[in-house]
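Novice: Our numbering numbers the first residue of the sequence shown as 283 and each following residue consecutively.
Even glycine gets a Cβ: it sits at the ideal position worked out from N, Cα and C.
Just so you know, these numbers come straight off a predicted model, no measurement behind them.
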Amino acid sequence: MTPCAYFKEGNCIETMEAHLKRGLELLEGLYIERGYGNFLGRLLDVEPTVAEQLLRKTHVLHDVGKCLETFQKRRESFGYHEFYSYLLAKDALGEFGTAGQIAAVAVLLHHHDWIRDRTVKKPWSLRLTEECIQLVKELSGVSVPHEIPWGEPIVEYEIAEGILRGNLRGVYAILLPIVMADNYAALCNRGGKGSMLGREITEVLKVRGWDFASCLSGRF
Numbered sequence: 283m284t285p286c287a288y289f290k291e292g293n294c295i296e297t298m299e300a301h302l303k304r305g306l307e308l309l310e311g312l313y314i315e316r317g318y319g320n321f322l323g324r325l326l327d328v329e330p331t332v333a334e335q336l337l338r339k340t341h342v343l344h345d346v347g348k349c350l351e352t353f354q355k356r357r358e359s360f361g362y363h364e365f366y367s368y369l370l371a372k373d374a375l376g377e378f379g380t381a382g383q384i385a386a387v388a389v390l391l392h393h394h395d396w397i398r399d400r401t402v403k404k405p406w407s408l409r410l411t412e413e414c415i416q417l418v419k420e421l422s423g424v425s426v427p428h429e430i431p432w433g434e435p436i437v438e439y440e441i442a443e444g445i446l447r448g449n450l451r452g453v454y455a456i457l458l459p460i461v462m463a464d465n466y467a468a469l470c471n472r473g474g475k476g477s478m479l480g481r482e483i484t485e486v487l488k489v490r491g492w493d494f495a496s497c498l499s500g501r502f
């Protein structure tokens with residue numbers, strides 16, 4: 283089963299591999315190659331190369347919640363996938379200490395513009411697809427468990443809020459590139475559609491001199 287990042291009418295429009303690779307393309311060209319690791323490293327109190335590694339790994343993990351077998355078999359939407367991704371990222375980024383906790387909160391917030399009207403519920407199965415586990419390992423070097431470690435939403439949101447309050451700049455310094463990469467990948471791989479922030483992202487890329495049109499002509 284090829285992990286999918288976006289389904290439409292039961293058909294996979296964008297694979298997870300295409301989504302993550304396209305996002306990494308933007309992170310490298312728009313942020314890392316321009317010295318963003320120096321800025322991020324100062325905020326997180328880590329070396330620039332460590333900050334760059336953390337940013338890449340965070341991007342690869344930001345949608346890992348979509349890899350739940352229940353989502354992939356259902357072939358529809360991925361409700362609250364950012365929360366499930368956060369639960370896994372907390373453990374997977376543990377080697378980075380406090381910086382990893384900050385990055386995990388950025389994962390939780392990467393859809394903070396979405397309005398939620400229900401409490402997160404525990405899926406009947408927390409198991410991830412084997413193909414997605416292998417993909418994450420290939421792209422980031424991170425070994426993720428076969429199941430997402432569950433945490434009660436009320437407790438987890440309180441923990442995340444505390445981290446956010448104490449590290450606001452650090453969280454948003456990771457969140458901004460991740461949101462940019464996420465929406466850029468969606469724009470490219472879904473034919474310019476499917477992103478709530480699509481128009482804003484396009485304008486930012488134009489200002490930065492990014493060749494957005496070229497991404498629409500090719501697919502990973």
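Leaving aside the five residues before and after Y288 along the sequence, list all residues of the same chain whose C-beta is less than 8 Å from its C-beta, in chain order.
Specialist: As a position in the sequence shown, residue 288 is number 6, starting the count at 1. So the qualifying residues of the chain are C294, I295, E296, H301, A468, N471, R472, G476.
Novice: Under 8 Å, with one C-beta from each stretch per pair, do the region 316-334 and the region 349-357 reach the 3-pair mark?
Specialist: no
Novice: What is the DSSP secondary structure of E485, counted as helix, strand or coil?
Specialist: Here the question's residue 485 lines up with position 203 in the sequence shown. E485 falls in the helix class under three-state DSSP.
Novice: Compute the distance between the beta-carbons of L306 and H363, then report whether it is under 9 Å.
Specialist: For the purposes of this step, residue 306 is identified with residue 24 of the sequence shown, where counting begins at 1. For the purposes of this step, residue 363 is identified with residue 81 of the sequence shown, where counting begins at 1. No, the pair does not count as a contact, with Cβ atoms beyond the cut-off.
Novice: In terms of DSSP beta bridges, what is L410 paired with?
Specialist: Taking the sequence shown and counting its residues from 1, one reaches residue 410 at position 128. BP columns for L410 point to L350.
Novice: I'd like the ranges of any beta strand (DSSP E) spanning at least 3 consecutive residues and lying wholly in the region 407-454.
Specialist: none
Novice: I believe L408 touches I384 by the beta-carbon criterion, under 8 Å. Please report the beta-carbon distance rounded to the nearest angstrom.
Specialist: Here the question's residue 408 lines up with position 126 in the sequence shown. Here the question's residue 384 lines up with position 102 in the sequence shown. No, L408 and I384 are not in contact; Cβ-Cβ is about 24 Å, not under 8 Å.
Novice: Alpha carbon to alpha carbon, how far is K355 from V380? Give it in angstroms, no decimals.
Specialist: One-based indexing of the sequence shown puts residue 380 at position 98. One-based indexing of the sequence shown puts residue 355 at position 73. The residue asked about is misnamed: residue 380 is Thr in this sequence, not Val. The alpha-carbon atoms of T380 and K355 are separated by roughly 35 Å.
Novice: Does F289 come out as helix, strand or coil in the three-state DSSP assignment?
Specialist: On the sequence shown, residue 289 is found 7 positions in, with the first residue counted as 1. The three-state reading of DSSP puts F289 in strand, counting E and B together.
Novice: With 16 other CB atoms within 10 Å as the buried threshold, where does T411 fall?
Specialist: Locating residue 411 in the sequence shown gives position 129, counting from the first residue. Answer is buried; the Cβ neighbour count reaches 16.
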